[in-house]
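Engineer: Residue numbers (the numbering used here): 358 to 721.
Backbone N, C-alpha and C fix where the C-beta goes; we use that ideal spot for every residue, glycine too.
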């Protein structure tokens, strides 16, 4: 009897030790950031960015409480489209990521994303009125009192179209994505309009959120290229993504800090991290330096530039994160000085949680 009991205890102990996953500080940090995000959550584009982060955290942990949060507490179907078209893109992407990562069962998320996308198209936000195909923040005939612009975030609806094609098999979504990128017989698309070759993009300047066509130095097109590559397997998209990512992280471009790799001039860092990792996902060998670059960037934030930051990047008592990551401040962008607001915290959750997924994947 004693031997049987001892055997059971040993087997139980072994099973318990094997079931404990290795510690992952990026997962832990994501959960800490998430607590603050839930306190300030709003059901719009900012909330959608945090929901994207949590989708990746769920992908890494299979934590059902995260899934239930977006089914019930922060119901994705009740998110507000906002005013600019990229507001809607983030919501659609949140729905489609959650659909994919949770086992492709909740088709209501696909249907809702499809509805939001089709409504944006019917409103006339996809247009060639400036001589090239692109998504615009507003339709050209709307009198909103705001500047009518397009930039790389508006064209995240190309990524949405690719994911809708994957989810539904409806070729019209893919055809539309390809038209926006490649143009048609009479009108060019994004590539011919903005891409100058060798990873270099050129567009109109101006304030980051109000006029500049490439406010993240084309980084958000990395996600679009990754989406196009996944559905077409056309090496052209992968080639441009690799060249563009290498150009963006090259210290000689003076876009990223040469040792800590934070964006020197810009906000929106959570999305920026995701863009880089989307490119890495389709070209891990060619872009093998990307995870290390992101890790240094996020360590810089978490440690307040190793204790040297002149502005607070990480407020430790509640794990609030600043929207801009330059330790001296002074960046361009939208709400750069915000810390712990839904805007800033959602971006932080997206950055840390997407990276947490890739680190957990590497450890398996």
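(1) Go to residue 697, then tell me how far its alpha helix (DSSP H) extends in each direction, as first and last residue.
(2) Using the Cα positions of residue 719 and residue 381, report the straight-line distance between them to the nearest angstrom.
(3) Using a threshold of 8 Å, state whether the C-beta atoms of residue 788 and residue 426 are closer than that.
(4) Taking the alpha carbon of residue 470 as the point to measure from, which residue in 437, 680, 638, 487 has its own alpha carbon closest?
(5) My assumption, with CB atoms under 8 Å, is that residue 450 sits in contact with residue 509. Please give the rounded CB distance.
(6) Tell me whether the segment 439 to 457 and the segment 405 to 416 touch, counting them as touching only if at least three CB pairs, one residue from each stretch, are closer than 8 Å.
(7) Buried or exposed, going by whether 16 or more other CB atoms sit within 10 Å of the CB of residue 543?
(8) Below 6 Å CB to CB, which residues in the same chain sit around residue 553 once its five sequence neighbours on both sides are set aside?
(9) Along the chain, where does the beta strand (DSSP E) that runs through residue 552 open and close?
(10) In chain order, what residues of the same chain lie with their CB nearer than 7 Å to the CB of residue 705, ignoring the 5 residues before and after it?
(11) Mind checking residue 513: buried by the 16 CB within 10 Å criterion, or exposed?
(12) Is DSSP giving residue 490 helix, strand or coil here?
(13) In terms of residues, what are the limits of the alpha helix (DSSP H) holding residue 400?
(14) Under 8 Å: do the segment 517 to 533 and the segment 560 to 576 share three or more Cβ pairs, one atom per stretch?
(15) What's the gap between the Cα of residue 418 and the Cα of residue 520?
(16) What span of residues does the alpha helix (DSSP H) with residue 479 cover, start to end?
(17) If we require 4 or more residues per run, which alpha helix (DSSP H) segments fall completely within the segment 487 to 552?
Structural biologist: Let me lay it out:
(1) In the chain shown, counting from the first residue as 1, residue 697 sits at position 340. No alpha helix (DSSP H) contains residue 697, which DSSP labels as neither H nor E.
(2) Here residue 719 corresponds to residue number 362 of the chain shown, with the count starting at 1. Here residue 381 corresponds to residue number 24 of the chain shown, with the count starting at 1. Going from the Cα of residue 719 to the Cα of residue 381 covers about 11 Å.
(3) Because the chain is modelled from 358 through 721, residue 788 falls outside the range shown and cannot be assessed.
(4) Here residue 470 refers to the residue found at position 113 when the chain shown is read from its first residue. Taking only the C-alpha atoms, the option nearest residue 470 is 437.
(5) Indexing the chain shown from 1 puts residue 450 at position 93. Indexing the chain shown from 1 puts residue 509 at position 152. Actually they are not in contact, since the Cβ atoms of residue 450 and residue 509 sit about 14 Å apart, beyond 8 Å.
(6) yes
(7) Looking up residue 543 in the chain shown gives position 186. Exposed, by the Cβ-count rule.
(8) What you label residue 553 is simply residue 196 of the chain shown in a count that begins at 1. So the qualifying residues of the chain are 559.
(9) As a position in the chain shown, residue 552 is number 195, starting the count at 1. Where residue 552 is concerned, the enclosing beta strand (DSSP E) stretches over 552 to 554.
(10) In the chain shown, counting from the first residue as 1, residue 705 sits at position 348. Within the same chain, residue 705 has close Cβ partners 390, 627, 678.
(11) Here residue 513 refers to the residue found at position 156 of the chain shown. With 16 or more other Cβ atoms within 10 Å, it is buried.
(12) By one-based count along the chain shown, residue 490 stands at place 133. Three-state result, residue 490: coil.
(13) Translated into the one-based positions of the chain shown, residue 400 becomes position 43. Neither: residue 400 is in no alpha helix (DSSP H) and is coded neither H nor E.
(14) no
(15) For this step, residue 418 is matched to residue 61 along the chain shown. For this step, residue 520 is matched to residue 163 along the chain shown. Their backbone Cα atoms lie some 23 Å apart in a straight line.
(16) Here residue 479 corresponds to residue number 122 of the chain shown, with the count starting at 1. Segment 464 to 479, the alpha helix (DSSP H) holding residue 479.
(17) 513 to 525, 528 to 539, 547 to 551
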